[in-house]
Amino acid sequence: MQIQVVKSKIHRVKVTGADLNYIGSITIDEDLMDAANIIQGEKIQIVNNDNGERLETYVIPGPRNSGEITLNGAAARKVSVGDTLILITYAIMDYEQAKVFKPSIVFPDEATNLLK
Numbered sequence: 282m283q284i285q286v287v288k289s290k291i292h293r294v295k296v297t298g299a300d301l302n303y304i305g306s307i308t309i310d311e312d313l314m315d316a317a318n319i320i321q322g323e324k325i326q327i328v329n330n331d332n333g334e335r336l337e338t339y340v341i342p343g344p345r346n347s348g349e350i351t352l353n354g355a356a357a358r359k360v361s362v363g364d365t366l367i368l369i370t371y372a373i374m375d376y377e378q379a380k381v382f383k384p385s386i387v388f389p390d391e392a393t394n395l396l397k
């Protein structure tokens, strides 16, 4: 049996931009991506703590050490700059492997979105 489990989580980052005219996705500071074990193009769930919105898109890397968290395309309508988000990716794995798997969870500085 295979199950889906949390693979990566970036907990409580602030939206720094919303670009409606971009093709789509979320831009994330590449340092945060690395720390959370998230790769370019990976599917990601976005949970907006301020308005309750939940959506899925894919990740594109932003400049390192920038703290950038920008929602692009239609997703830009689901956030406001300054909203607090939780970003989650999932993996499908065998049940026994999932029982011992440890997700990568990152708690950036909430004021800057930078790694502590």
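Quick note: to get our numbering, add 281 to the position in the sequence shown (first position is 1). Note that beta-carbon positions come from the ideal geometry of N, C-alpha and C, so glycine has one too. Every value quoted in this text rests on a predicted model; they were computed, and no experiment measured them.
- Of the residues Asp310, Asp331, Ala355, the one whose Cα lies closest to the Cα of Thr338 is Ala355.
- Taking Ser347 as reference, the option from Asp375, Leu313, Gln285, Asn329 with the minimal CA-CA separation is Leu313.
- For Met374, the secondary structure class from DSSP, reduced to helix, strand or coil, is strand.
- Here Asn353 is buried, its C-beta having at least 16 other C-beta atoms within 10 Å.
- Between Ile350 and Val294, the CB-CB gap stays under 8 Å.
- In this structure the segment 325-343 does not lie against the segment 375-395, because fewer than three pairs of beta carbons, one per stretch, are closer than 8 Å.
- Distance between Gly363 and Ala357, taken at the CA atoms: about 12 Å.
- Collapsing the DSSP output to three states places Lys288 in a strand.
- The beta carbon of Gln326 is closer than 6 Å to those of Glu337, Ile369 in its chain, skipping five residues each way along the sequence.
- For Leu313, the secondary structure class from DSSP, reduced to helix, strand or coil, is helix.
- DSSP places Lys383 outside both helix and strand once states are collapsed to three, so it counts as coil.
- By the CB criterion at 8 Å, His292 and Phe388 fall inside the cutoff.
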